[in-house]
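Residue numbers (the working numbering), protein chains in the order written: chain S, 1 to 160; chain D, 161 to 303; chain W, 304 to 604.
Before any comments, here is the structure.
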Amino acid sequence: MSKEVMKDLKKKLGKKIIDMVQPRSNRIYIRVEPEKAPGVVEYLFSKYKCKLCTATGIDMREGIEMIYHLAREDKNILINVKTLIPYSKLEMDSIGKKIPAFRWIEREINEMLGVEFKGHPDMRRLLLADSFPKGKYPLRKDFKHSDVTDEDYDYERSGI
Amino acid sequence: MDILKKSFKKSIWVFHLSTAACNNCDIEVLELLTPKYDVERFGIKLVGSPRHADALLVCGSVNAHAKPRLLEVYRQTSKPCLVVAFGSCGCSSGIFRDSYSIVGPLDKVLKEVDPDAKIVYIPGCPPKPEAMIEGIVMGLGAI
Amino acid sequence: MSWLVYYLVFPGFIFSSVVGLLTVWLDRKVSARVQWRYGPPWYQGFADIGKLLYKEVIIPREAFGSGFIAAPLFGLAAVTLGVTIICVSFFGLSKGFIGDIIVVWYLFAIPAIALIYVGSTSGNPLSSVGVSREIKLLLSYDLPMIIIIVIMASKAGTFSIQGIMNWQRTNGSNISNWYGIIGFLVAIFCIQAKLGRVPFDLPEAETELGSGILMELSGGVLAAYELSKAIMLFGLPMFLIILFWGKGIIGGILIYLLIVVLLILIKNTNPRVRIDHAMKYFWGWMSGAAILAGILAYFGV
Numbered sequence: 001m002s003k004e005v006m007k008d009l010k011k012k013l014g015k016k017i018i019d020m021v022q023p024r025s026n027r028i029y030i031r032v033e034p035e036k037a038p039g040v041v042e043y044l045f046s047k048y049k050c051k052l053c054t055a056t057g058i059d060m061r062e063g064i065e066m067i068y069h070l071a072r073e074d075k076n077i078l079i080n081v082k083t084l085i086p087y088s089k090l091e092m093d094s095i096g097k098k099i100p101a102f103r104w105i106e107r108e109i110n111e112m113l114g115v116e117f118k119g120h121p122d123m124r125r126l127l128l129a130d131s132f133p134k135g136k137y138p139l140r141k142d143f144k145h146s147d148v149t150d151e152d153y154d155y156e157r158s159g160i
Numbered sequence: 161m162d163i164l165k166k167s168f169k170k171s172i173w174v175f176h177l178s179t180a181a182c183n184n185c186d187i188e189v190l191e192l193l194t195p196k197y198d199v200e201r202f203g204i205k206l207v208g209s210p211r212h213a214d215a216l217l218v219c220g221s222v223n224a225h226a227k228p229r230l231l232e233v234y235r236q237t238s239k240p241c242l243v244v245a246f247g248s249c250g251c252s253s254g255i256f257r258d259s260y261s262i263v264g265p266l267d268k269v270l271k272e273v274d275p276d277a278k279i280v281y282i283p284g285c286p287p288k289p290e291a292m293i294e295g296i297v298m299g300l301g302a303i
Numbered sequence: 304m305s306w307l308v309y310y311l312v313f314p315g316f317i318f319s320s321v322v323g324l325l326t327v328w329l330d331r332k333v334s335a336r337v338q339w340r341y342g343p344p345w346y347q348g349f350a351d352i353g354k355l356l357y358k359e360v361i362i363p364r365e366a367f368g369s370g371f372i373a374a375p376l377f378g379l380a381a382v383t384l385g386v387t388i389i390c391v392s393f394f395g396l397s398k399g400f401i402g403d404i405i406v407v408w409y410l411f412a413i414p415a416i417a418l419i420y421v422g423s424t425s426g427n428p429l430s431s432v433g434v435s436r437e438i439k440l441l442l443s444y445d446l447p448m449i450i451i452i453v454i455m456a457s458k459a460g461t462f463s464i465q466g467i468m469n470w471q472r473t474n475g476s477n478i479s480n481w482y483g484i485i486g487f488l489v490a491i492f493c494i495q496a497k498l499g500r501v502p503f504d505l506p507e508a509e510t511e512l513g514s515g516i517l518m519e520l521s522g523g524v525l526a527a528y529e530l531s532k533a534i535m536l537f538g539l540p541m542f543l544i545i546l547f548w549g550k551g552i553i554g555g556i557l558i559y560l561l562i563v564v565l566l567i568l569i570k571n572t573n574p575r576v577r578i579d580h581a582m583k584y585f586w587g588w589m590s591g592a593a594i595l596a597g598i599l600a601y602f603g604v
């Protein structure tokens, strides 16, 4: 089943894929460039009829690796689209502009890791308090608890 | 006034406030009202508004979202009142001590508003009901 | 001068507040026993009032300060006057006056109006929801009860408490006829709604509205409200004894306990109802039953 999917994707997406790996019978990892990633994910979501499970971000030393997890139940397959965004240019085109399913996860990745999504219609804080200082990203590896002291919290912003 | 102070100890009305808790302590509070550990025989009853309350039962470690609201509720409670820091999270933030969203254990937050706040600490995660009753009785003895 | 003693000491403020607070304790103890718990000790009602007098009174910024404090005290004074008028005729201390049963029923409505005033000036949106429910409830349970009072009074030929009691001594109690039994059942539910107990405690719905209409009261003001509720818990069963039994003191105590036990049982076996259910219930079924009682009374059954 997955061999057909791999052949299908190679035919349609061809030049955009850097490499494609199949570690188990029902998983496919696809690695793309950060500029091409929104196009690949939109194709998989709309034309190839996959569903979004979630999107994750990890702080590697060279940059932030984002993975989009998409699933296709009738073919029993899980497709992971990986991109590595370098620290020198931490931005990506927003998929949430067209597809509402991606909006909240992009807000969360923006506030926790600092990745900027260009063109997102509603970039507010999702999980962090409004009084948390701007510019500090808690899920990065070099963030320590002592980086944020009590004076940095700005309770005026929370509206109480 | 002496008899009024004595009657204060015989009927304590409790308001339950949950700040960023895992809900384990909230469930244990409800257990105190069940027939096995019936706490109404001490005159304790749960009320719905902080103005009617004599004791604030604060569960959970204090979050940046919850801190301004906790201070506002404390200001609206009519004094004299007792504050109960419930569970390990209330005493010392528990296992969430180094988290990025926890603003501090309960006494550090309350001292900003009222340095003379009377706080009772009941440790445990969650505390056993016998420990809760002993803590409340000890707090009443110190008023 | 003697009326001042009647109003303040016996059977007025001190006597009725002591008996009322003991009845409140009885209610909590029996409810606890029904749930297999121990209940509070006998002095719990007094300890509650004493504790409330010890705390500070907080007046919200938007409230009209003197009205906020005066309204519950006014309600307390009105309820005490109502209970005094009932008990003076009941214990045979003095003669009443014509029409005093209607005066008593509407004196008992004043605490609800005071509560509506307090709830609407406190500036809390949850209080205003409670106020609208209280107004609707007040209009609902008045209708069947007025029909019942008019039936009993027209049977006795007079509107005075002494007259109704004397008529029942010579012609047999109202409860021994069919119209009396139906009237008693209607009246018990109207009393339950007037006291603000489950299943009709919508205005101060705890856990739904966060204490609703009472949300901004604290300290001595809340003590006045609780005391007026306790005095009503003493006064309203006496009202029912006068309407339906007309007995003296000896039989009166047992019947009083019976009515209180019925109120406790209704409280413990029912959930809270919605306001549109309550209005349909009082204006539909209860008024219909009251009119049926009137027809039976006309034919003397």
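Glycine residues also receive a C-beta, built at the ideal position from the N, C-alpha and C atoms.
Span of the alpha helix (DSSP H) holding residue i?
{"i": "aspartate 579/W", "result": "578 to 583"}
{"i": "isoleucine 109/S", "result": "103 to 113"}
Kindly list, in the order they appear in chain W, the residues whose Cβ is closer than 9 Å to that of residue i.
{"i": "isoleucine 163/D", "result": "Gly353"}
{"i": "valine 218/D", "result": "Here the premise fails: no neighbours, minimum Cβ distance about 17 Å."}
{"i": "serine 238/D", "result": "Lys358, Glu359, Val360, Ile361, Ser521 and Gly522"}
Looking at the unbroken beta strand (DSSP E) that takes in residue i, where does it start and where does it end?
{"i": "isoleucine 544/W", "result": "No beta strand (DSSP E) contains isoleucine 544/W, which is instead part of the alpha helix (DSSP H) from 523 to 547."}
{"i": "alanine 129/S", "result": "Segment: none, alanine 129/S is in no beta strand (DSSP E) and carries neither H nor E."}
{"i": "proline 414/W", "result": "Looking at the DSSP string, proline 414/W is not in any beta strand (DSSP E); the run it does join, the alpha helix (DSSP H), is 413 to 424."}
{"i": "tryptophan 173/D", "result": "173 to 178"}
{"i": "glycine 264/D", "result": "262 to 264"}
{"i": "cysteine 219/D", "result": "215 to 219"}
{"i": "arginine 336/W", "result": "Here arginine 336/W belongs to no beta strand (DSSP E); instead the alpha helix (DSSP H) covers 316 to 337."}
Run down chain D in chain order and give the residues with a C-beta less than 7 Å from the C-beta of residue i.
{"i": "proline 138/S", "result": "Tyr260"}
{"i": "tyrosine 341/W", "result": "Asp198 and Arg201"}
Short of 7 Å in beta carbon distance, which residues of its chain neighbour residue i, apart from the five on each side in sequence? Order them along the chain.
{"i": "methionine 582/W", "result": "Lys439 and Ser443"}
{"i": "tryptophan 104/S", "result": "Leu126"}
{"i": "tryptophan 173/D", "result": "Lys205, Val207, His212, Ala213 and Asp214"}
{"i": "serine 261/D", "result": "Asn223 and Ala224"}
Compute the Euclidean distance between the alpha carbons of residue i and residue j, then round it to the nearest angstrom.
{"i": "glycine 385/W", "j": "glycine 402/W", "result": "13 Å"}
{"i": "isoleucine 109/S", "j": "serine 425/W", "result": "44 Å"}
{"i": "valine 564/W", "j": "serine 435/W", "result": "30 Å"}
{"i": "tyrosine 155/S", "j": "glutamate 272/D", "result": "14 Å"}
{"i": "phenylalanine 102/S", "j": "proline 121/S", "result": "11 Å"}
{"i": "leucine 230/D", "j": "valine 243/D", "result": "12 Å"}
{"i": "serine 319/W", "j": "lysine 332/W", "result": "20 Å"}
{"i": "lysine 170/D", "j": "tyrosine 528/W", "result": "20 Å"}
{"i": "leucine 498/W", "j": "methionine 535/W", "result": "7 Å"}
{"i": "valine 5/S", "j": "glutamate 111/S", "result": "35 Å"}
{"i": "valine 280/D", "j": "glutamine 338/W", "result": "30 Å"}
{"i": "arginine 500/W", "j": "tryptophan 328/W", "result": "15 Å"}
Given residue i, which residues of its chain have a CB within under 6 Å of its CB, disregarding the five upstream and five downstream residues?
{"i": "proline 210/D", "result": "Phe175, Val233, Gln236 and Thr237"}
{"i": "tyrosine 482/W", "result": "Ala596, Leu599 and Ala600"}
{"i": "isoleucine 58/S", "result": "Glu65"}
{"i": "proline 286/D", "result": "Asn184, Cys185, Glu188 and Gly247"}
{"i": "alanine 526/W", "result": "Ile352, Leu355 and Leu356"}
{"i": "isoleucine 79/S", "result": "Ile28 and Leu70"}
Taking C-beta pairs closer than 8 Å, name the residues in chain D that residue i reaches, listed in chain order.
{"i": "alanine 350/W", "result": "Ser167, Lys170, Ser171 and Gly203"}
{"i": "histidine 145/S", "result": "Asp258, Ser259 and Tyr260"}
{"i": "alanine 129/S", "result": "Asn223, Ala224, His225 and Ser261"}
{"i": "leucine 520/W", "result": "Arg211 and His212"}
{"i": "valine 148/S", "result": "Tyr260"}
For residue i, which residues in the same chain have their Cβ closer than 8 Å to its Cβ, ignoring the five residues on either side in sequence?
{"i": "serine 423/W", "result": "Ser430, Ser431 and Val434"}
{"i": "tryptophan 548/W", "result": "Gln471, Ser476, Asn477, Ile478, Gly554, Gly555 and Ile558"}
Which of the three DSSP states is assigned to residue i in this structure?
{"i": "glycine 551/W", "result": "coil"}
{"i": "cysteine 249/D", "result": "helix"}
{"i": "arginine 61/S", "result": "coil"}
{"i": "lysine 271/D", "result": "coil"}
{"i": "lysine 51/S", "result": "strand"}
{"i": "lysine 15/S", "result": "helix"}
{"i": "lysine 97/S", "result": "coil"}
{"i": "phenylalanine 313/W", "result": "coil"}
{"i": "glutamate 91/S", "result": "strand"}
{"i": "threonine 237/D", "result": "coil"}
Whose Cβ in chain D lies nearer than 9 Å to the Cβ of residue i?
{"i": "alanine 335/W", "result": "Pro195, Asp198, Glu200 and Arg201"}
{"i": "leucine 525/W", "result": "Arg211 and His212"}
{"i": "phenylalanine 132/S", "result": "Ala224, Tyr260 and Ser261"}
{"i": "glutamine 495/W", "result": "Residues of chain D passing the Cβ test: none, with the nearest at roughly 21 Å."}
Could you tell me which chain W residues have their CB closer than 8 Å to the CB of residue i, listed as they occur along the chain?
{"i": "lysine 278/D", "result": "Those within 8 Å of lysine 278/D in chain W number zero; the least Cβ separation is about 14 Å."}
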